[in-house]
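To keep things clear, I will list the structure first and then write my remarks on it.
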Amino acid sequence: MPHVVSLYRHPIKGFTAESVDELRVQPDGRIAGDRVLAFRFADATTPEDRDGLDHWPKAKGLSLQDFPTLASLRTRYDDQARRMRIEHSGSVLVEAGLDDDGRTQLADAVTEFVLASAEGRRLRRPGRLPLILVGDGVTSRFQDRARGYVSVHTRSSVSALGEALGADVDDRRFRSNIVIDDAAAWSELDWTGQVTVGDVSFDAAGPIVRCLATHANPDTGVRDAKVLTTLTTAFSQAEPTLGRLLLPGTASDGGQTSWTGGTIRLGDSVTAH
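First residue of the sequence shown? That's 153 in the numbering used here, and the numbers climb one at a time after it.
Listed below in structure tokens is the structure:
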């Protein structure tokens, strides 16, 4: 029976995942504590509000696509205290709250770290400094798309990719919220109807077309795997695709249900159509 084997959230947009034992899916279909903060460039605007849905393109701030060294950082966010801890190589890089002084400390530490990396020149481009930590630490608003979502992939799809690459591939490269096992490779790409994870039901939305963020090793931050070209060549994909988006379920007549979300836990069963 397909079941959940890993759960992740990403408190800071574009940074490494936090591994958790459970995820709380909010009534809006987004994960509590997921993408609630972001480091934006000095000349970037705040998130756009399109029909009440936030949208945060990667180009507005730090992200793995352009700054792969971010993958080597470890984050831990305390939702209750609204306090962020960022580590590198087992040492604390910075720990601070989300008041004005704390935001400055967090931004300064991350700036210094990135400037000292191989991608430092990119951060020195006009209009990028100073970095500004945005987000209230509560609202999940820094999404790549104009509508929030929960992302999922099967471990067997990643294993198949690893075989094609001739190397082990870590699930964290794909920044999914949910990883499931005991499901056929690429089966998530065939989902078209309802997907139920534990007690929470979703509608299957679009497959996930991948970007250069997947090339970054989630431990070292080095681009060491040609994921995109392998997906298109070894598996004859028109676009490099792995994983599926999930959105709040809809009623049979096409109207929105009184969807309340719920909690997803490790070991939960998964059914899909």
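Just so it is clear, CB atoms sit at the ideal spot from N, CA and C, and this is done for glycine as well.
Inset, instruction - Name the two residues that bound the continuous beta strand (DSSP E) containing D333. - result: As a working mapping, residue 333 is identified with position 181 in the sequence shown. Unbroken beta strand (DSSP E) run through D333: 330-333.
Inset, instruction - Determine the DSSP secondary structure at G279, reduced to helix, strand or coil. - result: Taking the sequence shown and counting its residues from 1, one reaches residue 279 at position 127. In the structure shown, G279 falls within a coil segment according to DSSP collapsed to helix, strand and coil.
Inset, instruction - Quick one: grab the DSSP three-state call for T412. - result: The residue given as residue 412 occupies position 260 in the sequence shown. Note: T412 maps to coil in three-state DSSP.
Legend entry - Beta-carbon spacing of G414, G300 below 8 Å: Numbered from its first residue, the sequence shown carries residue 414 at position 262. Numbered from its first residue, the sequence shown carries residue 300 at position 148. Contact check for G414 against G300 fails: the beta carbons are separated by 8 Å or more.
Inset, instruction - Could you name the residues of the same chain whose beta carbon sits closer than 8 Å to that of H155, not counting the 5 residues immediately before and after it, in chain order? - result: Mapped onto the sequence shown, residue 155 falls at position 3. Taking C-beta separations shorter than 8 Å and ignoring five residues to either side along the sequence, the partners of H155 in its chain run I332, D333, D334, G419, D420, S421, V422, following chain order.
Inset, instruction - Would you list the residues sitting across from A424 in a DSSP beta bridge? - result: If you number the sequence shown from 1, residue 424 lands on position 272. Residue pairing from DSSP places A424 in a beta bridge opposite V347.
Legend entry - Separation of I330 from D323, as counted between CA atoms: Mapped onto the sequence shown, residue 323 falls at position 171. Mapped onto the sequence shown, residue 330 falls at position 178. Going from the Cα of D323 to the Cα of I330 covers about 10 Å.
Inset, instruction - Decide if the segment 302-310 is in contact with the segment 394-403; the criterion is three or more beta carbon pairs, one per stretch, under 8 Å apart. - result: Contact between the segment 302-310 and the segment 394-403 is present, because at least three Cβ pairs lie under 8 Å.
Inset, instruction - For R228, collect the residues of the same chain with a Cβ closer than 6 Å to its Cβ; drop the 5 residues on either side in sequence, then sort them by chain order. - result: Translated into positions along the sequence shown, residue 228 becomes position 76. So the qualifying residues of the chain are R237.
Inset, instruction - Put H367 into one of helix, strand or coil per three-state DSSP. - result: Here residue 367 corresponds to residue number 215 of the sequence shown, with the count starting at 1. If DSSP states are grouped into helix, strand and coil, H367 belongs with the helices.
Inset, instruction - Could you name the residues that DSSP lists as bridge partners for V286? - result: Here residue 286 corresponds to residue number 134 of the sequence shown, with the count starting at 1. BP columns for V286 point to A190.
Inset, instruction - Determine the DSSP secondary structure at P209, reduced to helix, strand or coil. - result: Here residue 209 refers to the residue found at position 57 when the sequence shown is read from its first residue. DSSP places P209 in coil when its eight states are reduced to three.
Inset, instruction - State whether the segment 177-195 contacts the segment 309-328, with contact taken as three or more CB pairs (one from each stretch) at a distance under 8 Å. - result: The answer is no - the segment 309-328 does not touch the segment 177-195, with fewer than three Cβ pairs under 8 Å.
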